[in-house]
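Below is one structure; the comments refer to it alone.
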Amino acid sequence: MSATRTSPLRVATDGWVVAKRNVIKIKRVPEILVFVLLSPIMFVLLFAYVFGGAIDAGAGLDYKEFLVGGIFAQTVVFGATFTGAGLAEDMQKGIIDRFRSLPMSRSAVLVGRTTSDIIYNVLSLIIMALTGLLVGWRIREGVLDALAAFALLILFAYAISWIMGYIGLLVPSVEVINNASFLVIMPLTFVSNAFVPLESFPSGLRTVVEWNPVSAVTQAVRELFGNTSAAVPVPDAWSIQNPVLYTLIWVVLILVVFVPLSVRQYRIASSR
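Residue numbers (my numbering): 62 to 333.
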């Protein structure tokens, strides 16, 4: 393979072509987009009106404002499963073999898949933000802080996509990736402060929750949106006191580990 074909510019160009191919697939299967957009709405309404009445978010804090930051974090983590499912489907249907026959960078397949999932996540966040505004959620800080919150969510989602991409290349079918991702994502999101305050967890489990990266990104966006209360003290854990920095550390760590792992696994899987 020539140096030109593996240059970063070539990978980015080929990756963009693959990303457009993944987005165009929505025209043939629009139900995918419908369910992507309906899922966040369902979670906002379910927790706001069914479970919300039984959960105390803390003194001076409305549960709906507390909730939306957690739903944002959960949505982008769940959205990352499309990367794994998409790669597993392409492998299962032999589309990866077709890609191998084309004059394109192999890494472009992974770059394109993770990039197209950013578009899904942006659409989900827009729909969920509008739903949140309808149920009473408000942005109480400035526009720049709000944009920073959305950017942090997208960045975190992009990193998680590479984990799911790696898992998608390890498993033999879409059905397996759906179950495998469920085992990873459910503990990650529900053993966090996404839906209930940290104070509600028992002492031993609370330490796990405080250092869970989902708790950090949730706390970060709540602070950037102004959805916190001065009457509720911030826990002593460094991860929760510095949630933006802690989230960025996780993003870098995940990318450093899983980008090369995913590229290596893609080469192994596509050469079988």
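Glycine included, every Cβ here is placed at the ideal spot set by N, Cα and C.
- In the structure shown, F104 falls within a helical segment according to DSSP collapsed to helix, strand and coil.
- Separation of M103 and R161 (C-alpha to C-alpha, rounded to the nearest whole angstrom) is 40 Å.
- The shortest CA-to-CA distance from V105 to any of F256, R325, R82 is the one to F256.
- P69 and A149 have their C-alpha atoms spaced approximately 25 Å apart.
- When Cβ pairs closer than 8 Å are counted between the two stretches, the stretch 209-227 is seen to touch the stretch 312-327, the count reaching three or more.
- Residue state for S253 is assigned as coil, using DSSP reduced to three classes.
- CA-to-CA, the gap between L171 and G76 works out to about 7 Å.
- Around the beta carbon of F112, fewer than 16 other beta carbons sit within 10 angstroms, so the residue counts as exposed.
- Distance from the CA of A281 to the CA of I188, rounded to the nearest whole angstrom, comes to 20 Å.
- If you draw a 10 Å sphere on the C-beta of F108, you find 16 or more other C-beta atoms in it, and that means buried.
- Between the C-alpha atoms of S166 and S332 there is a straight-line separation of about 14 Å.
- Shown here for A209: same chain residues with a beta carbon closer than 7 Å to its own, the five before and five after excluded, namely L285 in chain order.
- Boundaries of the alpha helix (DSSP H) harbouring Y307: 304-331, taken from the DSSP string.
- Secondary structure at T74: helix, using DSSP grouped into helix, strand and coil.
- Rounded to the nearest whole angstrom, the CA to CA distance from G229 to A292 is 44 Å.
- Distances from the CA of V324 to each of S168, N288, F139 were compared; the closest alpha carbon is that of S168.
- The beta-carbon separation of V138 and T279, rounded to 10 Å, does not stay under the 8 Å limit for a contact.
- Taking the Cβ atoms as the reference, E202 lies roughly 17 Å from G131, outside the contact range of under 8 Å.
- In the structure shown, the three-state DSSP call for E202 is coil.
- Within the same chain, and ignoring the five residues on either side of F143 in sequence, the residues whose Cβ sits closer than 7 Å to its Cβ are D178, Y181.
- Distance from the CA of V129 to the CA of L186, rounded to the nearest whole angstrom, comes to 11 Å.
- Secondary structure within the stretch 268-308: not one fully enclosed beta strand (DSSP E) run of 3 or more consecutive residues is present.
- Only exposed fits P321, as fewer than 16 other CB atoms lie within 10 angstroms of its CB.
- With a beta-carbon spacing of about 24 Å, Q153 and V72 fall beyond the 8 Å limit used to define contacts.
- In the structure shown, S264 adopts helical secondary structure according to DSSP, grouped into three states.
- Around the beta carbon of W299, a 10 Å sphere encloses fewer than 16 other beta carbons of the protein chains shown; the residue is thus reported as exposed.
- P233 and L122 have their C-alpha atoms spaced approximately 46 Å apart.
- Ranked by Cα distance from I215, the options G155, R82, T308, L195 are led by T308.
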